[in-house]
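A short write-up of the structure that comes next.
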DNA sequence: AAACATATTTTTGTACACAATATGAAAATA
DNA sequence: TATTTTCATATTGTGTACAAAAATATGTTT
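Chains as they are written, first to last, in our numbering: chain A, 1 to 262; chain B, 263 to 524.
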């Protein structure tokens, strides 16, 4: 059972004495990397589960106060999240929650298709009943989350499923690669996905388990390809979101309306 | 033309006034991330081109003095290299040049096969004469490096070729993924590769360019699969390298010999 | 001489302070 | 009134100091 992230407001708010770091906080001293790891995990989940809107500023001071550490530790965590492309750090401008472009979103899903389909042969070869049961358990929790309309948990578990599936191939490098891609996918889904899309309809996860169990490499590969394309379609289809150039257009539009009002 | 890294000794040596940061050093102030980037690039190349033996300790003080910056900047760079798995950071024990295990090496090459073969269809689809010429140029420089027995440059350019090839697919995410895998491969080759292996024999890079140019997806994919397996075989075949457990054996051996000397 | 315990030294982890830069608001100018 | 300039404020970048931990050296005991 993972730690539930504190339910922050829409923006980072000041002056709350300290954020609950979950089970890890129990230990008093919490020396070394344990604390950093807990902070990282909190921010990571906050971003991936969309508690923090893409584009949200993440000021070092605020985070430092919130977690009751110095900026030094916060910077390290933000740096790491920047490597993982979950936050964006611009020189002298600080960190913000990343806003993946549509191109980036497509690239990510293309990469996932290559990696996840490519790993299927090894997955089928190394699958064990225990591993498959672990997958079934995730699917079960996924259904529960959907039943209670918990979109965030559903998205998270959907990602967990894909990573856990790949892990069966017993290739740590690929597992890490995919973990990164899945995190970014979650961010994409949170950004572009319609409410309850990308998880509700596509919880056919159970099907692929049977294909793997029966040793059907081609079937499993085809399923994965189709599944990932479905997810992408249900998400990125909304086309380019207005950022820099369209902002101007919108403002012009507003100005024009306002002028005709007078 | 990239900057040639300073030719450091086998170990990090103290008390040299400052390391030449190459062309970037020209600028005096060198504010912001430019300096960090230069330091990163230097360390990156030093590791990937095997100027620094795997396992070499990288003390923050020494590096800070060498590059004439504070430990703060060094820590950031080391952190980044750790994220890329080129250095290993252990709590309170500092950073060392990573020592990929044989398992890790196999995982990396397996991942490369999946990614590089998987990306071939897009590469063939998007290939342009200009892009292919860029590839041919790399091959040319590769041959030059081999001609003058410059193993380090040859390994580096071999990696560049694979990355540049994948870049044709116009998928930044995949390009970055592969860049990471190739760096680690270079480290693996530098670690486990026999002298002049992994580059000398396998400079058939020119062949795949023609396959791509002729639109032969399956041919190119098959070539890539075989090529990567060849490289892996020429490198990792040497089996497990002695680290912790075998050290004991070596010491016992030495002790035994020494004892019989007296 | 070997093994253990202890002290010293070295190195890393964290916080803090100051400098550099960007941001936003007020004032000056056209 | 719109635009530019200047200045105040807030936020990040970087260096340094101190605390904590590990590595190493020293000394003691068997």
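Beta carbons are placed, not taken as given, at the ideal position from N, Cα and C, and that holds for glycine.
*asked:* What does the alpha-carbon distance come out to for the pair residue 487(B) and residue 455(B)?
replied: 20 angstroms
*Output yes or no for whether 7 angstroms exceeds the beta carbon distance between residue 101(A) and residue 57(A).*
no
*Could you round the C-beta distance between residue 482(B) and residue 400(B) to whole angstroms and report it? I think they count as a contact, below 8 angstroms.*
With 8 angstroms as the limit, residue 482(B) and residue 400(B) do not qualify as a contact, their Cβ atoms being about 17 angstroms apart.
*Mind checking which residues open and close the beta strand (DSSP E) that includes residue 87(A)?*
87-90
*Segments of 3+ residues assigned as beta strand (DSSP E) that fall wholly inside the segment 359-396 of chain B*: Runs of the beta strand (DSSP E) inside the segment 359-396 of chain B: none found.
*7 angstroms Cβ cutoff met for residue 188(A) and residue 162(A)*: no
*With a floor of 4 residues, list each alpha helix (DSSP H) that falls wholly inside the segment 138-181 of chain A, ordered by position along the chain.*
Look at the segment 138-181 of chain A and you find these whole runs of alpha helix (DSSP H), each 4 residues long or longer: 151-167.
*Given a limit of 9 angstroms on CB to CB distance, which residues of the segment 327-349 of chain B reach chain A?*
334, 337, 338, 341, 342, 345, 346, 347
_Residue burial classification, residue 233(A) (beta-carbon count within 10 angstroms, cutoff 16)_ = Per the 10 Å Cβ criterion, exposed.
*Should residue 92(A) be labelled buried (16 or more other beta-carbon atoms within 10 Å of its own) or exposed?*
Exposed is the call here.
*Express the C-alpha separation of residue 346(B) and residue 110(A) in angstroms, rounding to a whole number.*
The alpha-carbon atoms of residue 110(A) and residue 346(B) are separated by roughly 22 angstroms.
_For residue 57(A), list the residues DSSP reports as bridge partners._
96(A)
*asked:* Among the candidates 67(A), 116(A), 185(A), whose CA atom is the shortest distance from the CA of residue 222(A)?
replied: When each option's Cα is compared against that of residue 222(A), the closest is 116(A).
*Does the count of Cβ pairs from the segment 120-133 of chain A and the segment 207-214 of chain A closer than 8 angstroms reach three?*
yes
_Inter-stretch contact (C-beta, 8 angstroms, three-pair minimum) for the segment 328-342 of chain B and the segment 67-82 of chain A_ = Touching, per the Cβ criterion.
*Determine the direct distance from the alpha carbon of residue 112(A) to that of residue 105(A), and round the result to whole angstroms.*
Taking the straight line joining both Cα atoms gives about 11 angstroms.
*Is residue 19(A) close to chain B, meaning its C-beta is less than 7 angstroms from at least one C-beta of that chain?*
Not a single C-beta of chain B is nearer than 7 angstroms to the C-beta of residue 19(A).
*Using DSSP with H/G/I as helix, E/B as strand and the rest coil, what is residue 193(A)?*
coil
*By Cβ distance, which residues of its chain are closer than 8 angstroms to residue 166(A), with the 5 residues on each side in sequence left out?*
115, 116, 119, 123, 174, 175, 178
_Using a Cβ-Cβ distance cut-off of 7 angstroms, determine whether residue 219(A) contacts chain B._
no
*Go through its chain and collect everything with a Cβ distance to residue 206(A)'s Cβ below 8 angstroms, but skip five positions before and after it.*
136, 139
*Quick one: using the 10 Å Cβ neighbour count with 16 as the cut-off for buried, is residue 499(B) buried or exposed?*
By the neighbour-count criterion, in which a residue is buried when 16 or more other Cβ atoms sit within 10 angstroms of its Cβ, residue 499(B) is exposed.
_For residue 324(B) and residue 330(B), I'd like the C-alpha separation in whole angstroms._
10 angstroms
*Could you tell me whether any Cβ in chain B is nearer than 7 angstroms to the Cβ of residue 118(A)?*
Cβ-Cβ to chain B under 7 angstroms: yes for residue 118(A).
*If you compare alpha carbons, which of 191(A), 49(A), 19(A) is closest to residue 35(A)?*
19(A)
*When you compare only the Cα positions, how much space is there between residue 152(A) and residue 50(A)?*
7 angstroms
*Determine, using beta carbons only, whether residue 89(A) and residue 127(A) come nearer to each other than 7 angstroms.*
no
_Residue range of the unbroken alpha helix (DSSP H) whose run includes residue 230(A)_ = 217-236
*asked:* Less than 6 angstroms between C-beta atoms, sequence neighbours within five positions excluded: which residues of the same chain meet that for residue 301(B)?
replied: Excluding positions up to five away in sequence, the list reads 329, 339.
*Compare the Cα-Cα distances from residue 48(A) to each of 185(A), 94(A), 172(A) and report the closest residue.*
Ranking 185(A), 94(A), 172(A) by CA distance to the CA of residue 48(A) puts 185(A) first.
*Distance, residue 231(A) Cα to residue 356(B) Cα*: 43 angstroms
_Nearest to residue 470(B) (by Cα), restricted to the options 453(B), 452(B), 490(B)_ = 490(B)
*Determine the extent of the alpha helix (DSSP H) in which residue 213(A) is found, giving its start and end residues.*
From DSSP, the alpha helix (DSSP H) with residue 213(A) extends over 205-213.
*If residue 158(A) sits next to residue 142(A), beta carbons under 8 angstroms apart, how far is it from one beta carbon to the other, in whole angstroms?*
Yes, residue 158(A) and residue 142(A) are in contact; Cβ-Cβ is about 6 angstroms, under 8 angstroms.
*Report the neighbours of residue 369(B) on chain A: residues whose CB is nearer than 8 angstroms to its CB, in chain order.*
171, 172, 173, 174
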